[in-house]
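> Numbering (the numbering used here), first residue to last: 30 to 260.
1. Could you pull out every residue in the same chain whose Cβ sits closer than 7 Å to the Cβ of residue 88, ignoring the five residues on either side in sequence?
2. Between 78, 172, 196, which has its C-alpha nearest residue 185's C-alpha?
3. Taking C-alpha atoms, which residue in 219, 105, 246 lies nearest to residue 59?
4. Which residues share a DSSP beta bridge with residue 178?
5. Return the chain-ordered ranges of every alpha helix (DSSP H) run that is complete within the segment 73-145 and spans a minimum of 4 residues.
6. Classify residue 26 as buried or exposed, calling it buried when 16 or more other Cβ atoms lie within 10 Å of its own Cβ.
7. Quick check on the DSSP output: the alpha helix (DSSP H) that includes residue 70 runs from which residue to which?
8. Excluding the five sequence neighbours on either side, which residues of its own chain have a C-beta within less than 6 Å of the C-beta of residue 118, listed in chain order?
9. Assign residue 121 to one of two classes, buried (16 or more other C-beta atoms within 10 Å of its C-beta) or exposed (fewer than that).
10. Going by DSSP, name the residue or residues bridged to residue 195.
11. Can residue 167 and residue 201 be called in contact, C-beta distance under 8 Å?
12. In this structure, does DSSP put residue 171 in helix, strand or coil?
13. Measuring only the C-alpha atoms, how far is residue 216 from residue 232?
14. Per DSSP, what are the beta-bridge partners of residue 210 in this structure?
15. Under a Cβ-count criterion, where at least 16 other Cβ atoms within 10 Å of its own Cβ denotes burial, should residue 53 be classed as buried or exposed?
16. Would residue 136 and residue 160 be called neighbours here (beta carbons separated by less than 8 Å)?
17. Please determine, among 236, 253, 65, 178, the residue with the shortest C-alpha to C-alpha distance to residue 32.
18. Just checking, does the segment 36-44 make contact with the segment 58-75 on the three C-beta pairs under 8 Å criterion?
19. Among all the DSSP beta bridges, which residues are the ones paired with residue 148?
20. Buried or exposed for residue 245, please, with buried defined as at least 16 other CB atoms from any protein chain shown within 10 angstroms of its CB.
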């Protein structure tokens with residue numbers, strides 16, 4: 030395997046605009062592309078950020094096929110939910126072996142994974158909401174890239190005492206944003222649970238793992254946390 034895996038990143042959605050450019054009605058900045066590229070680079074892998082691909086099946090097909098020659102891994106974000114413009118499912122159903130499913134987790138329920146091209150390049154299709162995309166990267170893609178690089182277990186959970194109560198949905202494993210204090214081995218949730226709250230994610234240095242059967246974490250409960258870059 031390539032000593033520094035080459036990771037191609039595509040953001041999908043005609044509503045997306047490159048960060049720094051003015052926004053028109055119904056447009057939003059592409060948060061996922063820069064965030065995923067930064068996460069890949071922080072691991073020591075090589076990130077190729079293709080940019081934004083609109084809601085056009087042929088355009089997405091061409092973009093993916095053009096990138097396979099330089100890819101060890103492909104990541105897309107957006108277009109995997111149930112909607113009129115979710116073209117990722119439409120395109121990849123004819124291009125490779127990608128299976129789309131719903132994972133019992135919050136954030137990041139819609140997911141897809143498979144291979145594309147003659148060389149069977151692995152492709153991960155992430156949700157479009159920024160927090161969902163980033164959490165999905167940490168849980169599913171980081172371990173795969175680490176294995177390509179000969180590493181394992183750099184994101185093992187650590188124990189902590191939670192300093193603030195919060196609710197969690199029944200039947201879903203929640204990965205709540207938190208601020209971990211190594212001195213006291215404590216953690217405090219930060220912000221809300223919305224998948225669009227990028228500012229709250231920026232404040233966090235860990236994810237608080239809440240099992241599927243737990244609907245409320247109480248002040249003083251033992252929890253497990255997954256540390257993030259910069260912690």
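Virtual Cβ for every residue (Gly too), placed ideally from N, Cα, C.
In this text, all values refer to a predicted model and were calculated from it rather than measured experimentally.
According to the structure shown:
1. Cβ contact annotation for residue 88 (same chain, cutoff 7 Å, sequence separation greater than five): 82, in chain order.
2. The option with the nearest alpha carbon to residue 185 is 172.
3. The closest CA to that of residue 59, considering only 219, 105, 246, is found on 105.
4. Answer is none; residue 178 lacks a bridge partner.
5. List check, alpha helix (DSSP H) in window: 86-96, 116-124.
6. With the chain covering 30 to 260 only, the question about residue 26 has no answer from this structure.
7. Residues 61-71.
8. Beyond the five residues adjoining it in sequence on each side, residue 118 comes within less than 6 Å, by CB distance, of 129 in the same chain, given in chain order.
9. Flag for residue 121 reads buried.
10. Note: residue 195 sits in a beta bridge opposite 246.
11. In this structure, residue 201 does not lie closer than 8 Å to residue 167 by Cβ.
12. Correct three-state label for residue 171: helix.
13. Going from the Cα of residue 216 to the Cα of residue 232 covers about 13 Å.
14. Beta-bridge partners of residue 210 (DSSP): 215.
15. By the neighbour-count rule (16 or more Cβ atoms within 10 Å), residue 53 is not buried but exposed.
16. Yes. Within cutoff.
17. Per the Cα distances, 178.
18. Judged by Cβ distances under 8 Å, the segment 36-44 makes contact with the segment 58-75, as three or more pairs qualify.
19. According to the DSSP secondary-structure assignment, residue 148 is paired through a beta bridge with no residue.
20. The residue in question, residue 245, is exposed, as its Cβ has fewer than 16 Cβ neighbours within 10 Å.
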